[in-house]
Amino acid sequence: MIKDEISKLRKEVENCKKCPLYKTRNKVVFGNGSLNAKIFLVGEGPGFDEDRTGVAFVGRSGKLLDKILEACGFTREKHVFIGNIVKCRPPQNRIPTIDEQSSCLPFLEKQVELLNPDIIVTLGATAYKGLFDSNAKITRERGNWKIRNNRLVMPTYHPSALLRNPALKKDSWEDFKKVILKYRELVDPEHFCKYI
Ligand code: SF4
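In numbering that gives the first Met the number 0, the protein residues as written are 0 to 195.
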């Protein structure tokens with residue numbers, strides 16, 4: 000059932016022309032992962048590689064994200080679904096405008112409603128600001144649980160920020176450790192992570 004609903008939504012997103020980003024996209028990046036995921040990761044938007052492949056987080060950032068997930072004992076196939084604030088690539092990887100974000104956000108909201116995750120993790124400033132407050136500072140908000148529409152949200156850095164500034168990796172890991180502990184508390188007390 001959820002599969003049908005998601006397929007229907009995917010078709011709608013793939014045909015979307017609600018904002019100007021449709022004009023320059025190659026592929027819509029709907030999002031991917033497990034439909035049974037209890038963790039929903041929210042990124043900013045597709046980059047060059049994602050726009051080419053139609054898959055979320057496949058470039059260098061994606062590889063780092065995979066390593067982080069692996070360290071947590073999570074996999075894309077089983078534990079997480081990854082979606083973005085906007086589903087089409089902003090030219091030159093610029094930050095999506097507020098109007099573009101507002102046009103696209105209902106799709107993300109619908110994905111979250113359908114998947115009904117226990118935990119949302121926002122990756123980077125744009126994802127956090129898009130869901131909470133456009134004036135927020137990720138450096139201040141990260142690592143602290145938030146509530147949005149009765150769902151728990153952990154804000155953390157985008158993997159691309161960790162690539163640019165490896166000193167942030169320590170904080171990022173602290174944030175993901177909180178996600179692991181919350182996952183054990185809410186979803187699976189037996190969840191295995193070799194580090195904690
Ligand atoms: S970014 Fe979102 S709202 Fe804009 S065209 Fe793409 S799918 Fe539609």
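For every residue, glycine included, the Cβ atom is placed at its ideal position computed from N, Cα and C.
Item: Buried or exposed (CB count within 10 angstroms, at least 16 for buried), Tyr156; Value: buried
Item: Nearest-residue set for the ligand SF4, Cβ under 7 Å from any heavy atom; Value: Val12, Cys15, Lys16, Lys17, Cys18, Leu20, Tyr21, Arg24, Val27, Val85, Lys86, Cys87, Glu99, Ser102, Cys103 and Phe106
Item: Segments of 4+ residues assigned as alpha helix (DSSP H) that fall wholly inside the region 148-180; Value: 158-163
Item: C-alpha gap between Ile97 and Asn164, whole angstroms; Value: 26 Å
Item: Coarse secondary structure for Val12, derived from DSSP in three states; Value: helix
Item: Whether Ile38 touches Leu113 by CB criterion (8 Å); Value: no
Item: Ile97: first and last residue of the uninterrupted alpha helix (DSSP H) it sits in; Value: Ile97 to Leu114
Item: Bridge partners - Thr125, DSSP secondary structure assignment; Value: In the DSSP output, where bridge partners are listed per residue, Thr125 has none listed.
Item: Ile81 vs Leu107 beta-carbon contact at 8 Å; Value: no
Item: C-alpha distance - Gly61 paired with Arg139, whole-angstrom precision; Value: 24 Å
Item: Nearest-angstrom Cα separation, counted from Ile119 out to Trp144; Value: 10 Å
Item: Contained beta strand (DSSP E) runs [length at least 3] in the region 20-71, N- to C-terminal order; Value: 38-42
Item: CB of Val186 within 8 Å of CB of Asp132, strictly; Value: no
Item: Helix, strand or coil at Asn134 [DSSP, three-state]; Value: coil
Item: Coil, strand or helix - Ile119 by DSSP; Value: strand
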